[in-house]
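The numbering of the sequence shown is our numbering, which starts it at 8 and goes up by one.
Ideal Cβ positions, reconstructed from N, Cα and C, are used throughout, including at glycine.
Owing to the predicted nature of the structure, the values given are computational and were not obtained by experimental measurement.
What follows is a set of notes on a single structure, which appears directly below.
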Amino acid sequence: MKYHEMTSARLSSVDRDQTVVVVPIAAVEQHGPNMPTGTDTIICTAVAEALEKRLADQVLLTPTVWLGASAHHLRFGATLNSDLETYIATLCDIATSLLDDNFRRILFVNGHGGNVDPLRVALREIQPVYPDALLVGGSYWSVADDLIQETLEGDHKFVGHACEFETSLVLHLRPELVDQENLTDAGNLVTDQINGLFVSRDMFQRTNEGFTGRPDLASAEKGKKLFDGIVDRLSSTVQTLLNEPLGTENQEFNS
8 MKYHEMTSAR
18 LSSVDRDQTV
28 VVVPIAAVEQ
38 HGPNMPTGTD
48 TIICTAVAEA
58 LEKRLADQVL
68 LTPTVWLGAS
78 AHHLRFGATL
88 NSDLETYIAT
98 LCDIATSLLD
108 DNFRRILFVN
118 GHGGNVDPLR
128 VALREIQPVY
138 PDALLVGGSY
148 WSVADDLIQE
158 TLEGDHKFVG
168 HACEFETSLV
178 LHLRPELVDQ
188 ENLTDAGNLV
198 TDQINGLFVS
208 RDMFQRTNEG
218 FTGRPDLASA
228 EKGKKLFDGI
238 VDRLSSTVQT
248 LLNEPLGTEN
258 QEFNS
């Protein structure tokens, strides 16, 4: 079910309890010399649409929120940004609109690293007001750490930026958008961790050209394997969320 393709009458008949509302959130920002600025939105939307297609009677899919928290890319240009307060408020407003319409299971599927922290803040802000709802959010790749580890060949066996992972996915989904002449080794990535503590550095400080890892090792074959595996795991996650109890007290989750 696609929220924006349904009439209000059809939406009113959707089972509020046994439906997971999936809200894709992404970004439009520079992705180095090799990848389109809409990389995060392209991938996240494709993942969410594949999930809805597979579970059409259980997933209600909203349009993708394409504007993300991308201030750490602004110095490279080619970036559209929402400031943190605005972004958190936007996510809260979307969730509140759904919750006030009596939907009770909401899954934010994220496609951009900069959205992770504000998404968690938004969910923290909403939850005390709607303690009987199931409010879930995270990045689409978080369900597939082992698959990513076994598929990627470069030293960066994690999701970076315009990296081997993202480049493989776009080569699978929209190969015509990848500038394959500029697929090179990104070189050193300056750390954002010191002794386990977070160091706030933007991408202009951390990278030479705004991308990370080994996009030169990317392939459409890897992209298909990763995409299919991620959709499989998200499908399983939706089933788990549908079976999760809705409650406001501890004993309701332990019965």
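**Asked** At what residue ranges does the stretch 221–250 contain a whole run of the alpha helix (DSSP H), taking only runs of 4 or more?
**Response** 227–250
**Message:** Are the CB atoms of Ala225 and Leu196 within a distance shorter than 9 Å?
**Reply:** no
**Item:** Nearest candidate by alpha-carbon position, reference Pro252, set Asp139, Asp192, Lys164, Thr219
**Value:** Asp139
**Reference Glu216, options Gln200, Leu106, Ala85, Ser242, closest by Cα** = Ala85
**Prompt:** Which residues share a DSSP beta bridge with Gly217?
**Reply:** Its beta-bridge partners do not exist; DSSP assigns none.
**Cβ shell of Gly254 (< 8 Å), same chain only, five flanking positions each side left out** = Asp139, Phe260
**Prompt:** What span of residues does the beta strand (DSSP E) with Phe115 cover, start to end?
**Reply:** 112–117
**Message:** Short of 7 Å in beta carbon distance, which residues of its chain neighbour Ser242, apart from the five on each side in sequence? Order them along the chain.
**Reply:** Leu58, Arg61, Leu62
**Prompt:** The alpha helix (DSSP H) with Val123 in it runs from where to where?
**Reply:** 123–133
**Message:** Less than 9 Å between the beta carbons of Pro31 and Thr52, yes or no?
**Reply:** yes
**Item:** Per-residue burial, Gly75 [other beta carbons within 10 Å of its own, 16 or more giving buried]
**Value:** buried
**Request:** For the alpha helix (DSSP H) containing Leu154, list its first residue and its last residue.
**Result:** 152–158
**Prompt:** Would Leu114 pass as a contact of Thr244 if the rule is Cβ separation under 9 Å?
**Reply:** yes
**Asked** From the DSSP output, which residues share a beta bridge with Met42?
**Response** His38
**Asked** Exposed or buried, Glu173, counting other C-beta atoms within 10 Å across all chains shown (16 or more means buried)?
**Response** buried
**DSSP-derived helix/strand/coil call for Gly84** = coil
**Request:** Thinking Ile133 and Leu233 are a contact (beta carbons under 8 Å), I'd like their distance in whole angstroms, please.
**Result:** About 31 Å separates the two Cβ atoms, so there is no contact after all.
**Request:** State buried or exposed for Val267, treating a residue as buried only when at least 16 other CB atoms are found within 10 Å of its CB.
**Result:** Here the chain covers residues 8 to 262 and nothing more, so residue 267 does not appear.
**Prompt:** Along the chain, where does the beta strand (DSSP E) that runs through Leu67 open and close?
**Reply:** 66–68
**Request:** Express the C-alpha separation of Asp22 and Val123 in angstroms, rounding to a whole number.
**Result:** 29 Å
**Item:** Rounded straight-line distance, which links the Cα of Leu176 to that of Tyr94
**Value:** 26 Å
**Prompt:** Across which residues does DSSP place Ile32 in a beta bridge pair?
**Reply:** Val72, Asn117
**Endpoints, the alpha helix (DSSP H) within which Leu176 is located** = 171–180
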